[in-house]
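First comes the structure, then the notes that go with it.
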Amino acid sequence: MAPIRLAVLEAGTLAPRAEARYTNFTGVFTSLLTTALAPSPLDLHFTITGHHVVDNKDPLPAIDDVDAILITGSKYSVYDDEAWITTLVEYTKKAIEGGRVKVIGVCFGHQIVGKALGIEVGKSQAGWELAVTQVDLTDEGKKVFGLEKMRIHQVHQDEVKYLPRNMVDLASSPACHVQAMYLPGRYLTVQGHPEFTGDIMREVSGIRYSKGAYRDEVYADMIQRVGLEHDGVAIAQAFIIFLKK
4 MAPIRLAVLE
14 AGTLAPRAEA
24 RYTNFTGVFT
34 SLLTTALAPS
44 PLDLHFTITG
54 HHVVDNKDPL
64 PAIDDVDAIL
74 ITGSKYSVYD
84 DEAWITTLVE
94 YTKKAIEGGR
104 VKVIGVCFGH
114 QIVGKALGIE
124 VGKSQAGWEL
134 AVTQVDLTDE
144 GKKVFGLEKM
154 RIHQVHQDEV
164 KYLPRNMVDL
174 ASSPACHVQA
184 MYLPGRYLTV
194 QGHPEFTGDI
204 MREVSGIRYS
214 KGAYRDEVYA
224 DMIQRVGLEH
234 DGVAIAQAFI
244 IFLKK
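So the sequence shown is numbered by this note's numbering: it starts at 4 and just counts up by one.
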């Protein structure tokens with residue numbers, strides 16, 4: 004079986020220390036997938052290409068040239084009036100409707116998939132959800148992710164507002180009901196960041212806190228949970244199973 008051609012659509016850039024270590028989001032996800040596949044070599048399963056899609060810096064790959072896309076997180080909101088976001092939504096919609104290319108969405112990518120499906124995306128009344136958060140899984144969510152509870156890094160205040168009828172309900176938290184979206188053979192998304200480490204989260208949140216994004220008490224709570232164990236590798240393994248089915 005030929006390796007899966009996975010295109011990582013980078014909707015943002017890393018903070019400086021993370022960038023020095025991983026280069027970009029493609030590097031972070033390559034590292035995560037390598038760990039999830041160990042000891043099997045990554046290149047037996049995937050050929051991974053990175054495409055920086057902000058402001059259309061890199062062209063989106065032709066649908067016929069990929070088997071799967073992974074849309075990353077971003078500092079932007081999917082409802083921002085940006086031409087490249089509109090283009091990305093339409094591209095994602097085309098990939099989903101075509102039925103051959105599988106779609107994974109992470110945080111902003113999760114919300115892009117929601118918008119491509121015609122679902123409302125907006126700010127959460129609960130405000131920021133940050134650092135390692137315990138997410139409740141439905142029975143189907145437990146099967147898909149191979150977990151009883153999901154512990155995942157979060158850094159968002161936008162949310163997908165509801166699930167369409169044909170979508171499988173997988174996960175929710177008190178602050179965000181739609182923590183994942185799933186349609187077998189088409190897409191699998193998570194609102195959190197399985198690729199984030201404690202160090203990445205500390206750096207990102209520290210920068211945002213210094214710019215006034217978080218209240219003192221919100222940041223203090225985040226710092227208390229940022230080093231907790233999380234299930235990023237298990238979530239990546241669920242991604243791999245989804246992509247290989």
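Every residue, glycine too, gets a C-beta built ideally from N, C-alpha and C. This one's a predicted model, so the numbers in the text were calculated from it and none came from an experiment.
My output table needs one value for Y185: the three-state DSSP class, helix, strand or coil. Strand at Y185.
Which residue's Cα is closest to the Cα of S176: I122, G108, E132 and A14? Of the residues I122, G108, E132 and A14, the one whose Cα lies closest to the Cα of S176 is E132.
Indicate whether L150 and A237 have their beta-carbon atoms separated by less than 8 Å. yes
Which of helix, strand or coil does DSSP assign to A216? coil
Inter-residue Cα distance where the pair is H55 and Q128: 31 Å
Alpha carbon to alpha carbon, how far is D58 from P187? 31 Å
What span of residues does the beta strand (DSSP E) with E198 cover, start to end? It is not in any beta strand (DSSP E) - E198 carries neither H nor E in the DSSP assignment.
Could you check whether G76 and G121 sit closer than 8 Å to each other, using their CB atoms as the reference points? no
Would you call the CB atoms of E198 and L35 closer than 8 Å? yes
Between which two residues does the beta strand (DSSP E) harbouring I7 extend? I7 to E13
Contacting residues, own chain, Cβ-Cβ under 8 Å from N169 (five flanking each side not counted): L186
If you run the structure through DSSP and keep just helix, strand and coil, what is S77? coil
In angstroms, rounded to a whole number, what distance separates the CA positions of G108 and V193? 6 Å
Have a look at A178, I74 and M4 and flag the residue whose alpha-carbon is nearest the alpha-carbon of E13. It is I74.
From I215 to E143, what does the alpha carbon distance come to, in whole angstroms? In the sequence on display, residue 215 carries Gly and not Ile. Their Cα atoms are separated by approximately 39 Å.
Could you tell me which of D67, V81 and I244 sits nearest to R103, measuring between CA atoms? D67
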